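Heads up, the sequence shown is in the working numbering, so the first residue is 10 and it goes up one at a time.
Glycine included, C-beta positions come from ideal geometry on N, C-alpha and C.
As the structure is a computational prediction, the values presented were derived from the model and not from experiment.
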Amino acid sequence: MLKKKPRKTLQSVNSVSDRILVAEFDVSTVIVCYSPHNPNEEKDAENFYENLRAVIRSVPAHNFLAILGDFNGLKDVPYSFHDLTNRNGQFLVDILQEHNLIATNTQYMKRMGKLCTHEDRATLARTQPDYIIVWKKRRNRVLNTEAYNSFNTLSSDQSCTNASETEP
């Protein structure tokens, strides 16, 4: 659901695959994605990340790019929930480096509850597999990114991750 102003600037919505959706606005591109789980075949993850790379390459350099994704990847970076990087996390790190992107929710010092975006229902283990990603050159547009501890209120194992941005 979009508010009236963004709805007026929406140009197209395309499903690239069953895991990647792209919304084009006048001067912004939003990619929503869901990576295969880490235990899945490596080929599945490679295909997903290759498709994602192709979509990122197609985004005009002047657009504000926001990638909202459940990457099922754990990455060890400053201000991260994790002290290790798994396979999907390494794929994510590679994409960030290749395309000059940053995961905004690893840019701010937060208490652990504001970093965690997933809680396993069986083990109650918490992780941070969800990221909001933007071009590095546009990182100053993002003022804050954090997770909201809403596991119980949404009947979901995911929490909502929100980013605040400035006007262009």
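- Only residues of its own chain outside the window of five on either side were considered, and among them N47 have a CB closer than 6 Å to the CB of R96, listed in chain order.
- The residue among T113, K146, E50 and S37 with its C-alpha nearest the C-alpha of Q20 is S37.
- Taken through DSSP and simplified to helix, strand or coil, L11 comes out as coil.
- Distance from the CA of Q116 to the CA of K17, rounded to the nearest whole angstrom, comes to 31 Å.
- Residue environment analysis places N149 among the exposed positions, since fewer than 16 neighbouring C-beta atoms fall within 10 angstroms of its C-beta.
- If you ignore the 5 residues before and after L61, its C-beta comes within less than 7 Å of the C-beta of I29, C42 and I104, all in its own chain and listed in chain order.
- Contact between A63 and V143 is ruled out by a C-beta separation of about 19 Å, above the 8 Å threshold.
- Annotation for S21: the continuous beta strand (DSSP E) segment containing it runs L19 to S26.
- Under the DSSP definition of a beta bridge, D79 partners with Y43 and D139.
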